[in-house]
Amino acid sequence: MKVLVIGNGGREHALAWKLAQSPKVQTVFVAPGNGGTAADPKLTNVGLTDYAAIADFAQAEKVAVTVVGPEGPLAGGIVDLFRARGLRVFGPTQAAAQLESSKAFAKAFMQRHHIPTAAFETFTDAKAAHAYVDAQGAPIVIKADGLAAGKGVVVAMSLPQAHEAIDWMLSDSDNKLGVQHNAGQARVVIEQFLEGEEASFIVMCDGKNVVSLATSQDHKRLLDDDQGPNTGGMGAYSPAPVVTPNVHAKVMHEIIHPTIAGMAKDGIVFTGFLYAGLMIDSSGQPRTVEFNCRMGDPETQPIMMRLKSDLFDVLMHATDGTLDKVELEWDRRVALGVVMAAAGYPLAPRKGDPITHLPADAPDAMVFHAGTAPGSTGPVTAGGRVLCVTALGDSVKLAQQRAYDVLRGIHFDGAQYRRDIGYRAIKR
Ligand code: AMP
Ligand code: GLY
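The sequence shown begins at 46 in the numbering used here and counts up one residue at a time.
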């Protein structure tokens with residue numbers, strides 16, 4: 046069988062790498078892919094980004110199933126397009142993808158269906174937003190409405206910071222943030238600051254049945270100790286011990302099932318990966334910080350390292366509506382991935398630095414590529430997050446040691462990475 050993965054990040058490299066392990070899969074196409082998927086003899090990059098051209102390609106190649114990695118094409122309606130052509134694809138429709146593409150939609154949805162989340166208000170008028178923040182006080186969280194690659198959120202610890210964020214987001218006439226505004230209008234969601242520990246809770250949904258993936262925890266800030274600006278994610282590990290069996294049951298009961306049922310009630314059947322970004326307080330109560338309608342990046346890298354089931358089979362069930370027949374098998378070890386980012390990330394990542402000393406793949410350590418491109422003498426940096434060095438170990442500490450041992454052998458100029466991925470689990 047031939048399969049197609051859409052996207053070019055570390056998440057897509059990990060999905061493609063996992064799919065290539067299925068004995069039923071002969072070819073994994075990646076559109077457009079990156080320097081890592083280009084170098085892997087089992088993967089084939091397809092230099093297409095136009096949705097209709099990708100669908101033509103899938104049709105011509107008789108691709109058995111397509112899986113969409115990033116939010117952009119999902120919010121752009123690529124699943125609707127594939128389905129209209131009779132092509133098998135795993136992902137949410139454009140309508141369902143609003144859970145991620147519009148914070149305002151997601152917050153109103155959660156309020157309507159009583160799904161635990163932070164209290165909030167939505168504003169288009171800067172004056173009203175400033176007045177609201179003054180009334181609420183700090184800490185408070187300001188979010189741009191619209192896709193912003195993880196950069197449109199400011200957790201303001203003081204009022205001046207909050208006011209500055211509002212001006213930045215609502216009066217950002219040249220759109221430095223690069224937010225894809227909904228309905229062409231800048232909007233902010235201002236919400237209550239939640240305390241606790243975060244976790245990524247990802248499930249697969251076929252429209253009726255839900256299967257949860259292994260839990261994970263991302264590290265969103267650029268610098269050690271959760272300092273510095275928010276990024277797309279600087280590292281992740283799986284499982285996340287904060288999600289105890291009790292918390293897991295609560296999340297399914299109070300968040301995941303009500304979300305799938307609420308969408309259906311609103312006339313939108315949810316298919317695809319549903320990712321609830323959780324804040325879990327000290328009493329074990331989970332609240333939804335955000336929804337994504339796709340796998341996480343970098344969470345996918347450690348999750349795929351641990352998945353023992355055949356991902357191709359799982360995707361076939363997920364697109365047949367038979368996920369109730371699936372019981373996922375996981376490696377009992379911990380997987381931990383550390384992102385190496387380019388100089389200048391997240392604001393202005395530098396491109397074109399040669400990447401050297403990449404190790405060979407090992408059963409317990411993989412270097413997944415993200416922002417890389419093939420260069421004349423080997424891969425070069427081509428984006429913000431460049432690599433995700435991911436390793437398995439019998440404990441978080443051992444997985445961490447192995448990942449950093451591999452990482453320290455790799456070189457590119459200006460590489461930035463955190464030294465403390467997994468620290469919360471180690472502290473426990
Ligand atoms: P989001 O894109 O909505 O996931 O926000 C990015 C990050 O900002 C989250 O992963 C949290 O670390 C932080 N954050 C977002 N909303 C809140 C909140 N209400 N309280 C505390 N931290 C938050
Ligand atoms: N790692 C966070 C995300 O994928 O949104």
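Every residue, glycine too, gets a C-beta built ideally from N, C-alpha and C.
So residue i is in the beta strand (DSSP E); what residue range does that whole segment cover?
| i | result |
| --- | --- |
| D251 | 242-251 |
| R395 | Premise fails: R395 is in no beta strand (DSSP E) and is neither H nor E. |
| Q478 | The question about residue 478 has no answer here: the residues shown for the chain are numbered 46 through 473. |
| I90 | The residue asked about is misnamed: residue 90 is Asn in this sequence, not Ile. Run containing N90: 88-90, per the beta strand (DSSP E) assignment. |
| A189 | 185-189 |
| T167 | 165-168 |
| T417 | 417-419 |
| M411 | 410-414 |
| T276 | No beta strand (DSSP E) contains T276, which DSSP labels as neither H nor E. |
State the DSSP-derived secondary structure class of residue i, mapped to helix, strand or coil.
| i | result |
| --- | --- |
| M324 | strand |
| Y468 | helix |
| D269 | helix |
| G121 | coil |
| V441 | helix |
| K107 | coil |
| P331 | strand |
| P290 | helix |
| A210 | helix |
| T72 | strand |
| L381 | strand |
| I160 | coil |
| I455 | coil |
| L432 | strand |
| G353 | First, the amino acid is wrong: residue 353 is Lys here, not Gly. The answer is coil: DSSP assigns K353 none of H, G, I, E or B. |
| H58 | helix |
| I51 | strand |
| L93 | coil |
| V134 | strand |
| P284 | coil |
| D311 | coil |
| T422 | coil |
| V296 | helix |
Let me check you understand the geometry: is the CB of residue i closer than 8 Å to at least one non-hydrogen atom of the ligand AMP?
| i | result |
| --- | --- |
| F357 | no |
| G191 | no |
| F238 | yes |
| V334 | yes |
| K172 | no |
| G420 | no |
| A163 | yes |
| V233 | no |
| N254 | no |
| G312 | no |
| N53 | no |
Quick check on the burial criterion: 16 or more other C-beta atoms within 10 angstroms. Buried or exposed for residue i?
| i | result |
| --- | --- |
| T422 | exposed |
| R453 | exposed |
| K69 | exposed |
| T401 | exposed |
| R339 | buried |
| R464 | exposed |
| E236 | buried |
| D22 | In the structure as shown, the chain starts at 46 and stops at 473, and residue 22 therefore has no counterpart that could be examined. |
| Q445 | buried |
| R130 | exposed |
| S328 | exposed |
Mind reading off the beta-carbon distance from residue i to residue j? Whole number of angstroms is fine, and I expect it under 8 Å.
| i | j | result |
| --- | --- | --- |
| L239 | A174 | That belief does not hold up - the Cβ atoms of L239 and A174 are roughly 20 Å apart, past 8 Å. |
| A387 | G459 | 6 Å |
| E262 | R469 | One point to set straight first is that residue 262 is Gln, not Glu, in the sequence displayed. About 7 Å separates the two Cβ atoms, so the contact holds. |
| G278 | V384 | 7 Å |
| V248 | I301 | 6 Å |
| F135 | Q143 | Their Cβ separation, rounded to whole angstroms, is 18 Å, which puts F135 and Q143 out of contact at 8 Å. |
| E243 | M324 | 6 Å |
| T111 | D125 | About 13 Å separates the two Cβ atoms, so there is no contact after all. |
For a cutoff of 9 Å on Cβ pairs, would you count residue i as touching chain D?
| i | result |
| --- | --- |
| L258 | The structure shown contains no chain D, having only a single protein chain. |
Considering just the uninterrupted stretch of the alpha helix (DSSP H) at residue i, what are its terminal residues?
| i | result |
| --- | --- |
| K172 | 171-181 |
| P115 | Element bounds for P115: n/a, residue is neither H nor E. |
| L356 | 356-365 |
| S146 | 143-146 |
| A388 | Per DSSP, A388 belongs to no alpha helix (DSSP H) and is neither H nor E. |
Just to check, is the beta-carbon of residue i closer than 8 Å to a non-hydrogen atom of the ligand GLY?
| i | result |
| --- | --- |
| N337 | yes |
| K188 | no |
| S245 | yes |
| K148 | no |
| D263 | yes |
| P68 | no |
| P343 | yes |
| Y462 | no |
| A76 | no |
| G317 | no |
Please determine whether the Cβ atom of residue i lies at a distance below 8 Å from any heavy atom of the ligand SAM.
| i | result |
| --- | --- |
| G117 | With respect to the ligand SAM, the structure shown offers nothing to examine, as its ligands consist of the ligand AMP and the ligand GLY. |
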